[in-house]
Amino acid sequence: MSHHHHDGHEHHHHEVEPVEGSWQDPADDRPIAVARRRFLAGLGVAVGGAALASTGAGTAAATPRPTNRWGAPQRWYAGDHHIHTQYSGDGQYTVSQQVAEARKHGLDWMVITDHGGVAHQKLSIDQVAPDIEKARRSNRDILVYQGLEWNIPGAEHATVFLPPGRGTVDILRAFEAGYDGGILSTSVANGGRGLITRSTSADGEPYALAALRYLEAQVLSGRTEIALMFANHPSRRGVDSPHELRGWRDAAPGVAVGMEGAPGHQAAGISKASGGRGGARGYYDSSPGVDSHPGYAPTATENPYRTYGGFDWMTAKVGGLWDSMLAEGRPWWITSTSDVHQVFNDTLTPGPQDHDKTGSRGAPVDSGVKQSGFGDFFPGFYSQTVVGSRSRSYADVMRGLQAGRVIAVHGRLIDGLDLRVRALGEGDEQGVTLGGRTFVKRGGSVEVTIEVTGAGGPNFAGAVPKLAKLDLVAGPVTGPVSDRDALSAPGTTVVKSFEVSKNRSRFTHVFRDVPGSFYLRVRGSDGKRLTADGGPVMDVVGDAEPWNDLWFYANPVFVDVV
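Under our numbering, think of the first position of the sequence shown as 1, with each following residue one higher.
Encoded structure:
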């Protein structure tokens, strides 16, 4: 299952509107913000351009060209940024086992993200590091990153990771000790600072922002080339409020770049009648709690605490929270991960060691019995985050993630997607693709071309999925909101749906007489479970068969009117 294709084209950097309160804002006089702006100016790069680099590609619509798998002109790599091992208190697999499974299921890159906390910071991080390095030496065809599942002070969890380097382990260790909510929340008992009493309490928010600025400082100082953070399962407990998502992005926009559009644990919803756990996809079975944002209130027709076609409500709802951030012109990308702890129908069970005392569960034990109560799939087995990158290097793959050249795919629904957006009559023959930003004169026309390739073979459930429909979603860019807890974009709609009948299809749509800046994005479905208006259906707790409700979501393109 290869994603390695390449054609040579130059990279174009486009300017991003400064965000008030971030280092992009000229009024921000924080030393780190000033240093960042000076650094970019020294490179001759527009402020924000590094985070939104887009790759020109393609030709005019009248000149058909061959489409490589996952598009052109760069290489595309499938991966997973949320993977647990025996060094998580609720995990069980060794690093080598997870790497082997990721390779077997077609992944090119992966991130080991064991849970942060006291035992992990003191014991686990120094044990997992040599295991990761050994896996790298033994498996040259897959990138293995060291990361952390961060307990965000004041909120949920997040993936934090860095490329290999002399400072990687030290940075992660210091970050975890100073800013992990699991450590901060126990500091009273440990005689420490005692600054927050619950890791999901609102008084932790300043420490989350400080943590992200710390990571940004490590990049600026040259201790690491790049550092990224993705918010994990953002709607699961309702504690990632809209203003927190915006705050993370603004505090360190080169670090905090997105969220899981689809959580892991996708096997957890398989019904007991089908031999499964009979729970909720993603373990999304919560209800509002004391720290949940009040705007996430379930209604008779909508429940933010459930998945929709396996995707998080923030992503799945057209005109919802994700769209509200994009409507500000705020780059915020989505991914899809396994969050693998314990795999559905595996016979392995956790090792016997006390994680709190040793930092490890030990090697897993083979019970000889299939564990139907486990809710996960191995990396790459069901979920893939496909990233456009200039090369198969640790830093370049991370730059692709940072720039939003990303497609979130379930169940091998598609094997290729090439999205091109260009202004007509502007001499722009190449246009931009995922995560990119282009320009059009007011009243001009913008052409969107979607080339999609369906699955060329069976997925890991043994069936060949069929893409049935594509949705082109678009909405106006209206600028920063006055209410930082805004969670809707009323102007965003499905502007066009395309029925897919062939394995390889090409669709075109033209936005004419463009009145103002806008963004667009694409999603697709196997069409097996749809609402009356063609959207995803809320997954049923206890009966959510993941292989019979497949979706992919691509990240947006922004179009600025000049």
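Note that the Cβ used here is the ideal one computed from N, Cα and C, for glycine as well. Treat the numbers as computed from the prediction; the structure is a model and nothing was measured.
Three-state secondary structure (DSSP) of Y394 | In the sequence shown, the residue the question calls residue 394 occupies position 394. If DSSP states are grouped into helix, strand and coil, Y394 belongs with the helices.
Hey, out of G238, A158, N345 and G359, whose CA is closest to D376's CA?
-> Residue 376 sits at position 376 when you count from the first residue of the sequence shown. Closest option to D376, Cα to Cα, is N345.
Is the segment 113-132 touching the segment 161-177 in the sense that three or more CB pairs, one from each, lie closer than 8 Å?
-> yes
Identify every run of the beta strand (DSSP E) within the segment 153-179, keeping only runs that are complete inside it and at least 3 residues long; order them along the chain.
-> 157-162
Helix, strand or coil: how does DSSP classify L215 here?
-> Here residue 215 refers to the residue found at position 215 when the sequence shown is read from its first residue. It is helical.
Determine which residues share a DSSP beta bridge with D376 and list them.
-> As a working mapping, residue 376 is identified with position 376 in the sequence shown. D376 pairs with V343.
Exposure label - T301; buried when at least 16 CB within 10 Å | Taking the first residue of the sequence shown as position 1, residue 301 is located at position 301. So T301 ends up on the exposed side.
Starting from the C-beta of V255, find all residues in its chain whose C-beta is less than 8 Å away, skip the five residues before and the five after it, and write them out in chain order.
-> As a working mapping, residue 255 is identified with position 255 in the sequence shown. Hits under 8 Å: L212, L215, E216, V219, A227, L228 and M229.
Under the three-state DSSP convention, the category V577 falls into = Past the boundaries of the shown model lies residue 577; the chain is included only from 1 to 562, so the question cannot be answered.
Would you decide whether T94 is buried or exposed? Buried here means 16 or more other CB atoms lie within 10 Å of its CB.
-> Sequence index remark: in the sequence shown, residue 94 carries index 94 (1-based). Looking at its Cβ environment, which holds 16 or more other Cβ atoms inside 10 Å, T94 is buried.
CA-to-CA distance, K469 to G456, given in whole angstroms = Within the sequence shown, residue 456 is the residue found at index 456, counting from 1. Within the sequence shown, residue 469 is the residue found at index 469, counting from 1. Roughly 17 Å between the two C-alpha positions.
Beta strand (DSSP E) runs wholly inside the segment 408-495, at least 3 long, in chain order | Runs of the beta strand (DSSP E) lying entirely within the segment 408-495 and spanning at least 3 residues, in chain order: 414-423, 437-440, 446-454 and 469-476.
Check each candidate in D323, K272 and A135 and name the one with the smallest Cα separation from G475.
-> On the sequence shown, residue 475 is found 475 positions in, with the first residue counted as 1. Cα-wise, what sits closest to G475 is D323.
Residue burial classification, P364 (beta-carbon count within 10 angstroms, cutoff 16) = Here residue 364 is taken as the residue at index 364 of the sequence shown, counted from 1. With 16 or more other Cβ atoms within 10 Å, it is buried.
If you draw a straight line from the C-alpha of P234 to the C-alpha of E156, how long is it?
-> Start at 1 with the first residue of the sequence shown, and residue 234 comes out as number 234. Start at 1 with the first residue of the sequence shown, and residue 156 comes out as number 156. About 7 Å.
Beta-carbon separation of G380 and L107 under 7 Å?
-> Position 380 of the sequence shown, counted from the first residue, corresponds to residue 380. Position 107 of the sequence shown, counted from the first residue, corresponds to residue 107. For G380 and L107, yes; Cβs fall inside 7 Å.
Can you give the Cα-Cα distance for F311 and A268, rounded to whole angstroms?
-> The residue you call residue 311 lines up with position 311 of the sequence shown. The residue you call residue 268 lines up with position 268 of the sequence shown. The alpha-carbon separation between F311 and A268 amounts to approximately 14 Å.
F498 to G491 span [Cα, whole Å] | The residue given as residue 498 occupies position 498 in the sequence shown. The residue given as residue 491 occupies position 491 in the sequence shown. Taking the straight line joining both Cα atoms gives about 21 Å.
Mind checking T315: buried by the 16 CB within 10 Å criterion, or exposed?
-> Taking the first residue of the sequence shown as position 1, residue 315 is located at position 315. Counting Cβ neighbours within 10 Å, T315 comes out buried, since at least 16 surround it.
Any idea what DSSP makes of I334, helix, strand or coil?
-> Numbered from 1 along the sequence shown, position 334 holds the residue referred to as residue 334. Strand at I334.
So is the beta-carbon of L472 under 6 Å away from any non-hydrogen atom of the ligand FAD?
-> Only the bare structure without any ligand can be found here, which leaves the ligand FAD out of the picture.
Any 3 or more C-beta pairs closer than 8 Å across the segment 432-445 and the segment 500-515 = With a cut-off of 8 Å, the segment 500-515 and the segment 432-445 count as touching, because enough Cβ pairs lie within range.
Of all the alpha helix (DSSP H) runs that stay within the bounds of the segment 273-302, which reach a length of 4 or more residues?
-> none
K317 burial status per 10 Å Cβ neighbour count (16 or more: buried) = Here residue 317 refers to the residue found at position 317 when the sequence shown is read from its first residue. Buried, by the Cβ-count rule.
Taking just the CA atoms, how far does W76 sit from S393?
-> Here residue 393 corresponds to residue number 393 of the sequence shown, with the count starting at 1. Here residue 76 corresponds to residue number 76 of the sequence shown, with the count starting at 1. Each residue's Cα considered, the two are about 12 Å apart.
Quick one: using the 10 Å Cβ neighbour count with 16 as the cut-off for buried, is R166 buried or exposed?
-> Counted from its first residue, the sequence shown places residue 166 at position 166. That one is exposed.
Compare the beta carbon distance of G431 and R437 with 7 Å and say whether it is the shorter of the two.
-> For the purposes of this step, residue 431 is identified with residue 431 of the sequence shown, where counting begins at 1. For the purposes of this step, residue 437 is identified with residue 437 of the sequence shown, where counting begins at 1. No, Cβ-Cβ distance for G431 and R437 is not below 7 Å.
Could you name the residues of the same chain whose beta carbon sits closer than 6 Å to that of G154, not counting the 5 residues immediately before and after it, in chain order?
-> The residue given as residue 154 occupies position 154 in the sequence shown. So the qualifying residues of the chain are A202, G204, E205 and A208.
For H81, which three-state DSSP category applies?
-> The residue labelled residue 81 in the question sits at position 81 within the sequence shown. H81 falls in the strand class under three-state DSSP.
Please report the residue range of the beta strand (DSSP E) in which H355 lies.
-> Locating residue 355 in the sequence shown gives position 355, where the first residue counts as 1. Element bounds for H355: not the beta strand (DSSP E) but the alpha helix (DSSP H), H355 to T358.
Might you give, ordered along the chain, the residues of its own chain that have their beta carbon closer than 6 Å to the beta carbon of H293, omitting 5 neighbours on each side?
-> The sequence position of residue 293 within the sequence shown is 293, counting from 1. So the qualifying residues of the chain are G238 and S241.
Taking one C-beta from the segment 271-278 and one from the segment 365-373 each time, how about it: are there three or more such pairs within less than 8 Å?
-> Result yes; three or more Cβ-Cβ pairs closer than 8 Å.
Compute the Euclidean distance between the alpha carbons of Q98 and L162, then round it to the nearest angstrom.
-> Position 98 of the sequence shown holds residue 98. Position 162 of the sequence shown holds residue 162. Roughly 19 Å separates the two Cα atoms.
Segments of 4+ residues assigned as alpha helix (DSSP H) that fall wholly inside the segment 227-269 = As far as the segment 227-269 is concerned, its whole alpha helix (DSSP H) runs of at least 4 residues are 242-251.
Ignoring anything shorter than 4 residues or poking outside the segment 119-146, list the alpha helix (DSSP H) runs there in chain order.
-> 125-138
What separation, rounded to the nearest whole angstrom, lies between the Cα atoms of G411 and T493?
-> Looking up residue 411 in the sequence shown gives position 411. Looking up residue 493 in the sequence shown gives position 493. Rounded to whole angstroms, G411 to T493 spans 26 Å at the Cα level.
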